[in-house]
Structures are given as C-alpha cells and as structure tokens.
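Q:
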Amino acid sequence: MRLGKFTISVSLVQLAGSVILLVLSVMFVRSADGKSTAGAAKAPPWEGQYKIKPDEKARLTAADVLGPDGIVYPNWTKCGVQGGIPEVKAVTTIEQFGARADDDADDSEALAKACRAAGKMGGGAVMLGEGLYYLDRPVTVRHDNVVIRGKGRQKSRLIFRYSIPGSGVAFYNPPAGGRVGNSTRLEMHCKPAGLTKMTMSIDDTVIGTWNRGKHSGNTFAFAVSGRNAVRRLPDGRYILKGIAEYRNGRKLTGEIPIVLDSAFNDTRPVADIRAAITFAGTGAVGKKLKLAKDGKRGDMTLELQSTDGLKAGDCILIDGPATERWKKLTKNACKWGTYRFYEVVISDIRNNTVSIEQPLRIEFPVIDGSYVQKVVPVRRCGIESLGIEQTENLWISSVIFYHGWNCWAKDVSVKKCGRYPVYGSMAKFCEIRDCVFDDAWFKGGGGTAYTGWDRCWDCLIENVETFKMRHAPLFQWAASGCVIRKSVFHESDGQWHSGWTNENLIEQCVIESVRGHGGYGYGMWGSPPHDTAHGPNGPRNVVYNCDVRSERAGLWMGGMNENWLILHNRFMVGSGPGVFARTASFDHIIADNVFVIKDGKSPMVSLATSDCVGIEIIGNRLYGGNGRFVAGEGKPDVVKGNKAYRLGEAPQPGPKIPSIYEWQQKQR
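Take the sequence shown: its letters are residues 140 to 807, numbered as in our numbering.
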C-alpha cells in the first residue's frame with residue numbers, strides 16, 4: 140500500500156508539473172525574433188510577410204525599400220505622373236467652338252467639340268479665357284493628351300448646372316424621337332430626394348427597375364441596354380416611359396417617343412454622368428487569362444495559362460477574386476467590392492511568361508482563380524488652372540479619371556461637388572496637386588464627399604486643402620501604392636475605407652477630424668472585416684510625420700491589418716486611445732509618435748484582442764490619458780523607450796527624414 144500511495148503521489152506531482160509547464164508555455168509565447176512575450180497570444184490567420192528586419196536581406200523583394208531608419212517600407216518610387224506633369228502646348232480655345240464667357244449660355248457642346256478637336260490633332264491644351272463658363276450637360280474626354288486649361292482658378296470658372304426638370308423625371312438618352320437598337324443606352328434621371336424606385340417601360344412592357352438599397356446614397360440615374368427592349372418587342376414606334384416612386388408615396392412620370400430598330404448599330408457617344416468632366420478610357424478588353432502559377436509579392440513575372448492577345452507595352456489588370464476561401468481567411472463579411480487588383484505594363488513576353496515593369500505588392504493565388512486582362516486607358520490628360528462649382532444636389536462628381544493613366548489635376552478649385560471633387564477610379568500614375576476642395580452637396584452613405592484614391596495604383600495627391608468633406612484623405616477598394624502628402628484636411632477624417640487597400644502612404648498631412656460632415660470622429664479609421672459594406676484592409680499602410688486631431692481614437696484599425704507603420708506623428712485625441720487595434724491586426728511598428736489623450740482614462744495603445752501580436756511600440760511620448768502605454772488582450776512584441784507625461788503642451792516629432800517619399804525619390 141505504501142508503494143502504491145507513493146506511486147500515486149509521484150504521478151500527481153508529475154501531472155501537476157506538466158500542467159505548470161503547459162501554463163508557462165501559454166504565458167510565455169516565443170515571438171518571431173526570439174523574445175518572450177507574456178500573455179495567451181493567438182496566432183493571426185496567416186503567416187506574416189511584411190515585417191522584415193534590416194538584416195534579413197534574403198527576404199527583401201523589388202516591392203521593398205530599406206529605409207534610413209532600418210524599417211522596410213513599400214516602394215513608392217513610381218508614384219504619380221511618370222516623368223512629372225508636362226507643360227502641354229495650347230492648340231485651341233473653347234471660343235473657337237462657339238463658347239463665350241459670362242453670357243449665361245450652355246458651353247458644354249463647345250467644350251466637348253474643342254476637346255475632340257485637340258485629341259484628333261494628337262493632343263494639346265484647350266484654353267478657357269477669364270470669366271464664367273456654363274455646363275448644362277456633362278463632358279467626356281476620350282482622346283489621349285488632352286488638357287483643359289484656364290487662366291487661374293479664380294479667373295476661369297466652370298459652373299456645372301445640369302439639373303432634373305420640374306416634372307421630376309427626364310430621359311438623358313436617347314433623344315426624343317431617336318432610334319433605339321441593341322447597343323443604345325436608355326437612361327432616365329429623377330429627382331433624388333426620397334427616391335425609392337425607378338421603373339422604365341416601353342408602352343406597357345417593363346424593361347427594367349431599380350430599387351433603393353442600403354448604400355444607394357443620392358442615386359438619381361438608372362440605365363438599361365437597348366437589347367432589353369429589342370428582344371421583347373418588334374420594331375416600330377413606341378413611347379418610352381419612366382416612373383419615379385418616392386418615400387412619401389408620390390409618383391412622377393416622364394415619357395418620350397422612340398423608334399425601335401433592331402438593325403440600328405448605335406455609335407452615338409453619350410457623355411458619362413460620373414462627373415461634370417470625365418476623362419474616360421476604354422477599360423477592360425479581351426479575354427481573362429488565368430495564372431498558371433501563384434503570383435507572389437515582389438514577383439516581376441507572371442506565368443499564365445495563355446498569353447493570347449497580349450503583347451509588350453500592353454497595360455493589364457491583375458485580379459485575385461474575392462472567393463469564399465479568401466473571405467473566410469480574412470473574415471470578410473462584405474458581399475461585394477473590389478479587393479486584390481493591380482495594374483501594370485507588360486515589358487516582355489516569352490512563351491506563357493509575362494514580364495512586368497513593377498513588382499506585385501500582394502499575392503494573386505491560382506487557387507482563387509487569379510487572372511490578367513488587357514486594359515486600354517486614356518493617357519496623359521489633365522485639367523489645370525480653373526475653378527468648378529456645382530449648383531445642383533445631384534450625385535455627380537466634378538472631375539474623374541476613369542481608366543486613366545498618367546492624368547492630372549493641377550491648380551483646380553472645386554466648390555460644392557455633387558459626389559467627389561477630383562477623383563480617380565481604375566486609374567494609374569495620376570496626380571492631384573495644388574488644389575482646393577470646398578464642401579459637397581451630399582454627405583450621406585454610399586460613397587460621397589471623399590478626397591483620395593479608389594481602385595487606383597501608384598497615384599499621388601500633394602499640396603491639397605479640403606473643407607467639410609466626409610472622408611479625406613481616403614483610400615478604398617484595392618487602392619495600393621498611392622501617396623497623399625503635404626496636404627491639410629479640415630473637418631473630415633482620414634480613412635482606409637474599404638476593400639483591402641495596401642501599401643499606401645499618408646505623410647506630412649494635417650487632419651482635423653469632426654463628426655459634423657458625415658465623418659466618424661476618429662482621426663483615422665480602417666474598416667473592420669465584419670463590416671458588411673466595406674470589408675477589411677490589407678498590409679503595410681503607412682502614416683508618417685502627420686498631425687492628427689480627433690474627437691475619438693487617433694487611429695482605429697478594425698482588423699486583418701498586417702505590418703502598418705505608424706511613425707513620427709502627433710495624435711491629439713479628445714476621448715479614447717491613441718491607437719486602437721483588434722481582430723488580427725498584427726506586426727505593426729508604432730514608433731516615435733506623440734500622443735495627447737485628453738480624457739484622463741485611456742491608454743496610449745489599445746490591443747483589444749489576443750491575436751494582435753508581433754507589434755513594436757517604441758520611443759513614443761504619451762501626454763495625459765491614464766499613463767499606460769498598452770492595454771487590452773493583445774500583448775506587444777516589444778515595448779521600450781516610451782515616456783509618459785502629464786497632459787500639457789506636446790510638440791510634434793521632428794524626424795531626421797521629414798519625408799520618406801522624397802527620400803525614396805532621391806535614392807532611386
């Protein structure tokens with residue numbers, strides 16, 4: 140019995156020892172650099188790629204730049220108009236096509252004709268004189284090398300006054316009595332306030348309906364293809380009807396006569412309603428060619444299943460579709476949107492291997508059906524030295540580069556845009572500089588009153604000042620490699636608003652965040668994965684040497700964010716932490732910042748969940764708050780050199796390298 144008791148006692152001791160060892164192994168998790176980190180850390184859903192130590196030379200790719208501070212940054216050396224914004228020679232004037240300043244007449248047709256003429260001459264600037272010019276219809280520029288230039292943003296002004304008639308419903312296209320074929324665009328416009336439904340019919344045959352959704356915003360337009368009519372009805376004369384239904388039960392109707400003609404090939408250009416002035420490329424053409432091998436971060440070649448239709452010099456879109464597999468991995472609850480896009484130029488093709496002029500910033504795996512497709516952009520167009528004002532509350536932007544490469548806006552002011560002041564969409568190498576944007580008509584949800592880049596790559600905003608925007612500066616929907624710098628944003632918040640934005644830079648900017656114009660009140664905000672309207676944001680976005688003031692947390696990161704670099708900034712926060720992170724927000728470097736936290740109860744950094752790991756918090760200064768550098772379930776990898784002070788005057792950091800963007804330009 141004594142032997143049995145002794146044996147049992149030893150076994151219990153061994154079991155207890157095993158439990159203790161297990162607990163210790165959980166409490167002290169070994170970090171990537173070999174240091175021990177306290178806490179029950181939870182691993183992120185994928186292995187990090189972006190936090191690279193300066194001595195790990197073998198891990199560096201063409202997408203990486205080792206900075207002067209030993210931090211590895213994204214590569215921004217090909218950002219903005221390649222070769223700089225050119226001085227474009229004037230080739231015509233708007234007056235040569237019938238426009239006259241200050242006569243209150245519609246100048247849209249004159250401007251459109253002048254731009255077409257300049258394009259047919261191979262390009263050049265269309266000049267506007269001093270005074271007011273009026274646009275009663277949008278204008279679309281489809282030729283390369285066309286610039287619209289005034290005498291100065293205070294001297295040459297465009298007043299965009301397109302409106303819906305008093306009846307409340309109008310047909311933008313076709314014209315009354317016009318022929319309608321398969322390729323004809325049928326488009327109705329309605330008063331937007333309270334609009335819930337639009338119905339289009341030919342006589343009594345409904346050919347399309349639109350119903351308000353959660354993110355319809357200030358939608359006023361609805362369009363269907365002519366084939367919807369031609370396939371339902373025989374050729375002949377009809378009445379095209381539009382019915383608008385409103386929240387208060389009111390119905391408005393508009394109608395025009397048309398002629399259905401199934402043999403009619405409609406080649407009439409219809410001005411794009413995205414903006415008062417749209418610079419529009421053709422966009423995607425040709426086949427979707429699937430990758431035969433994973434495209435990896437830093438790769439400068441792509442192995443395709445076929446290169447049919449591609450040649451050196453072509454522009455291509457690379458798409459990694461948001462499959463259910465990928466959405467599960469990233470916990471993305473958003474049912475729609477653009478996430479893993481990039482556009483590049485083909486430099487060479489050998490067999491089925493395509494060489495590209497820039498490295499991939501993220502991965503494009505075969506398992507998700509990643510593919511490339513040729514795109515045809517409009518190139519080297521611009522708008523310069525004029526002011527634009529919109530007089531009607533319609534969801535139309537002032538200027539958009541749509542499928543535009545190497546396009547620009549310079550010395551432009553915008554007053555009361557309908558949606559965005561100057562914006563890019565599916566754009567590459569574009570610039571917005573030396574501009575002022577003041578206010579917007581509509582600031583509700585659905586995408587409005589933004590200044591930034593949307594589905595854009597390697598684009599630049601510099602020396603811009605905004606007032607009363609909703610979100611500015613902003614990146615969304617797959618924007619990557621873009622830079623916003625040396626700008627001031629009054630009464631708006633900074634945003635990585637949606638869609639896996641990655642490797643973008645905000646530097647040397649001032650952000651004064653308020654909630655009064657549709658902003659969220661955070662200094663800067665990154666959408667979380669559980670957000671069904673936006674989805675999470677991707678790796679290695681950077682905030683460098685900025686001054687940010689906010690009512691709520693200085694920087695709020697919703698999750699799935701890898702290796703964000705928050706360096707040399709001042710965050711002045713009314714209530715909440717300086718930095719908040721949750722849900723696999725990991726491998727960040729938060730260094731040499733000043734945090735002024737006025738509520739007396741919040742920490743400098745809050746890591747809300749245990750999968751916020753690998754984070755370095757180094758050399759920051761905390762003024763006020765509760766005096767704690769870190770709080771929450773997440774346990775940082777490194778916490779050192781931070782100092783706490785009483786709430787009081789806190790000078791902004793003065794880094795030895797004030798601009799990491801300019802440093803890269805000099806080093807390249």
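Glycine is no exception: its CB is placed at the ideal position from the N, C-alpha and C atoms.
As the structure is a computational prediction, the values presented were derived from the model and not from experiment.
#1: Looking only at its chain, what residues have a beta carbon closer than 7 Å to the beta carbon of Gln188, apart from the 5 residues adjacent to it on each side?
#2: Which first and last residues belong to the beta strand (DSSP E) in which Val622 is found?
#3: Report the rounded CA-to-CA distance for Ile397 versus Gly677, giving the unit in angstroms.
#4: Looking at Thr590 and Val603, is the spacing between their C-beta atoms short of 8 Å?
#5: Are Thr492 and Thr440 close, meaning C-beta to C-beta below 8 Å?
#6: Write down the C-beta distance between Ile485 and Ile457 rounded to the nearest angstrom, noting that I regard them as a contact closer than 8 Å.
#7: Are the Cβ atoms of Ala566 and Cys595 separated by less than 8 Å?
#8: Alpha carbon to alpha carbon, how far is Asp374 from His636? Give it in angstroms, no decimals.
#9: The alpha helix (DSSP H) that contains Leu468, what's its start and end?
#10: So, for His727: in the same chain, excluding its five sequence neighbours on each side, which residues have a beta-carbon less than 6 Å away from its beta-carbon?
#11: Under the rule that 16 or more other beta-carbon atoms within 10 Å means buried, what is Gly771, buried or exposed?
#12: Name the residue from Ile799, Ala672 and Val511 whose alpha carbon lies nearest to the alpha carbon of Lys429.
#13: By a C-beta neighbour count over all protein chains shown, 10 Å radius and 16 as the cutoff for buried, is Ile799 buried or exposed?
#14: Quick test of your reading: Trp534 and Pro331, contact by CB under 8 Å. State the CB separation rounded to the nearest angstrom.
#15: Along the beta strand (DSSP E) that carries Ile382, what are the first and last residues, could you check?
#16: For Ala182, tell me which candidate among Pro794, Gly787, Asp670 and Ser724 has the shortest Cα-Cα distance.
#17: Please report how far the alpha carbon of Val227 lies from the alpha carbon of Val285, in whole angstroms.
#18: According to DSSP, which residues form a beta bridge with Cys329?
#19: Using a 10 Å radius around the Cβ and a threshold of 16 neighbouring Cβ atoms, would you call Gln804 buried or exposed?
#20: Which same chain residues end up closer than 6 Å to Arg318 when comparing Cβ atoms and leaving out the 5 residues on each side of it in sequence?
#21: Would a C-beta distance cut-off of 8 Å place Met743 and Pro716 closer than the cut-off?
#22: Are Val733 and Arg709 close, meaning C-beta to C-beta below 8 Å?
#23: Can you give me the Cβ contacts of Phe299 inside the same chain, cut-off strictly under 6 Å, excluding the 5 residues immediately before and after it?
#24: Residue ranges of each beta strand (DSSP E) run of no fewer than 3 residues wholly in the segment 386-472, ordered along the chain?
#25: For the beta strand (DSSP E) holding Ser564, just list the boundary residues, first then last.
#26: Using CA coordinates, which residue listed in Arg370, Val514 and Arg281 is at the minimum distance from Lys259?
#27: Mind checking which residues open and close the beta strand (DSSP E) that includes Ile539?
#28: What do you get for Lys196, buried or exposed, if any count of 16 or more other CB atoms within 10 angstroms of its CB means buried?
#29: Is Ile756 helix, strand or coil by DSSP?
#30: Relative to the C-alpha of Lys432, which candidate in Gly508, Arg489 and Ser666 has its C-alpha closest?
#31: Given that a residue counts as buried once 16 or more other Cβ atoms are within 10 Å of its Cβ, and exposed if not, what is Gln806?
#32: Would DSSP call Tyr800 helix, strand or coil?
#33: When the Cα atoms are used, what is the spatial distance from Ile147 to Gly758?
#34: Nearest to His707 by alpha carbon, out of Gly381, Lys252, Asp731 and Ala720?
#35: Ser537 and Ile527 - do their beta-carbons sit closer together than 8 Å?
#36: What's the C-alpha gap between Arg371 and Tyr377?
A: Considering the structure as presented:
#1: Indexing the sequence shown from 1 puts residue 188 at position 49. So the qualifying residues of the chain are Arg436.
#2: Within the sequence shown, residue 622 is the residue found at index 483, counting from 1. From DSSP, the beta strand (DSSP E) with Val622 extends over Val622 to Arg624.
#3: Here residue 397 is taken as the residue at index 258 of the sequence shown, counted from 1. Here residue 677 is taken as the residue at index 538 of the sequence shown, counted from 1. Going by the C-alpha atoms only, they are around 49 Å apart.
#4: Locating residue 603 in the sequence shown gives position 464, where the first residue counts as 1. Locating residue 590 in the sequence shown gives position 451, where the first residue counts as 1. Yes, they are a contact pair.
#5: Taking the sequence shown and counting its residues from 1, the one referred to as residue 492 is at position 353. Taking the sequence shown and counting its residues from 1, the one referred to as residue 440 is at position 301. Taking 8 Å as the Cβ cut-off, Thr492 and Thr440 qualify as a contacting pair.
#6: Working through the sequence shown from its first residue, we reach residue 485 at position 346. Working through the sequence shown from its first residue, we reach residue 457 at position 318. Between Ile457 and Ile485 the Cβ distance is about 11 Å, and since that is not below 8 Å, they are no contact.
#7: Walking along the sequence shown from the start, residue 566 turns up at place 427. Walking along the sequence shown from the start, residue 595 turns up at place 456. In contact: Ala566 and Cys595 (Cβ atoms closer than 8 Å).
#8: To locate residue 636, count along the sequence shown from 1; it is residue 497. To locate residue 374, count along the sequence shown from 1; it is residue 235. Answer to the nearest angstrom: the Cα atoms are 47 Å apart.
#9: As a first step, residue 468 is located in the sequence shown; it is residue number 329 there, counting from the start. Glu463 to Thr469 is the span of the alpha helix (DSSP H), which, as asked, contains Leu468.
#10: The residue given as residue 727 occupies position 588 in the sequence shown. So the list reads Trp703 and Ile754, once near-sequence residues are dropped.
#11: Against the sequence shown, residue 771 aligns to sequence position 632. Counting Cβ neighbours within 10 Å, Gly771 comes out buried, since at least 16 surround it.
#12: Residue mapping note: residue 429 aligns to position 290 of the sequence shown, counting from 1. Of Ile799, Ala672 and Val511, the residue nearest in Cα terms is Val511.
#13: One-based indexing of the sequence shown puts residue 799 at position 660. It counts as buried.
#14: Position 395 of the sequence shown, counted from the start, is the residue given in the question as residue 534. Position 192 of the sequence shown, counted from the start, is the residue given in the question as residue 331. Going by Cβ atoms, the distance from Trp534 to Pro331 rounds to 7 Å, so yes, they are a contact pair.
#15: As a first step, residue 382 is located in the sequence shown; it is residue number 243 there, counting from the start. Taken as a continuous stretch (DSSP letters only), the beta strand (DSSP E) holding Ile382 covers Gly375 to Tyr385.
#16: The residue given as residue 182 occupies position 43 in the sequence shown. Of Pro794, Gly787, Asp670 and Ser724, the residue nearest in Cα terms is Ser724.
#17: In the sequence shown, the residue the question calls residue 227 occupies position 88. In the sequence shown, the residue the question calls residue 285 occupies position 146. So the two alpha carbons sit approximately 9 Å from each other.
#18: For the purposes of this step, residue 329 is taken as the residue at position 190 of the sequence shown. The partner list for Cys329 (beta bridge, DSSP) reads Val308.
#19: Counting from 1 along the sequence shown, the entry for residue 804 is found at position 665. Exposed is the call here.
#20: The count along the sequence shown starts at 1 and reaches residue 318 at position 179. For Arg318, same chain residues with a beta-carbon under 6 Å away, outside a window of 5 residues either side, are Val398, Asp400 and Phe403 in chain order.
#21: Here residue 743 refers to the residue found at position 604 when the sequence shown is read from its first residue. Here residue 716 refers to the residue found at position 577 when the sequence shown is read from its first residue. For Met743 and Pro716, yes; Cβs fall inside 8 Å.
#22: For this step, residue 733 is matched to residue 594 along the sequence shown. For this step, residue 709 is matched to residue 570 along the sequence shown. In this structure, Arg709 lies closer than 8 Å to Val733 by Cβ.
#23: Start at 1 with the first residue of the sequence shown, and residue 299 comes out as number 160. Leu274, Ala415 and Gln529.
#24: 390-399, 414-419, 422-429, 440-442 and 454-459
#25: Along the sequence shown, read from residue 1 onward, the residue named residue 564 stands at position 425. It spans Val561 to Lys567 - the beta strand (DSSP E) in which Ser564 sits, taken as one unbroken run.
#26: Position 120 of the sequence shown, counted from the start, is the residue given in the question as residue 259. Answer by Cα proximity: Arg281.
#27: By one-based count along the sequence shown, residue 539 stands at place 400. First-last of the beta strand (DSSP E) with Ile539: Ser536 to Tyr541.
#28: Start at 1 with the first residue of the sequence shown, and residue 196 comes out as number 57. Exposed, because fewer than 16 other Cβ atoms sit within 10 Å of the Cβ of Lys196.
#29: Position 617 of the sequence shown, counting from 1, holds the residue named residue 756. Strand, per DSSP.
#30: Residue mapping note: residue 432 aligns to position 293 of the sequence shown, counting from 1. Residue Gly508 is the option with its Cα nearest to Lys432.
#31: The residue you call residue 806 lines up with position 667 of the sequence shown. Burial call: exposed.
#32: Stepping through the sequence shown from its first residue, residue 800 is reached at position 661. Three-state DSSP puts Tyr800 in a helix.
#33: Here residue 147 refers to the residue found at position 8 when the sequence shown is read from its first residue. Here residue 758 refers to the residue found at position 619 when the sequence shown is read from its first residue. Residue placement at Ile147 cannot be trusted, given a pLDDT of 28 that sits under 50; what the coordinates show is reported in the next sentence. Those two C-alpha atoms are separated by around 53 Å.
#34: Taking the first residue of the sequence shown as position 1, residue 707 is located at position 568. The shortest Cα separation from His707 among Gly381, Lys252, Asp731 and Ala720 belongs to Asp731.
#35: For the purposes of this step, residue 527 is taken as the residue at position 388 of the sequence shown. For the purposes of this step, residue 537 is taken as the residue at position 398 of the sequence shown. Contact check for Ile527 against Ser537 passes: the beta carbons are separated by less than 8 Å.
#36: In the sequence shown, the residue the question calls residue 371 occupies position 232. In the sequence shown, the residue the question calls residue 377 occupies position 238. If you take the alpha carbons of Arg371 and Tyr377, they lie about 13 Å apart.
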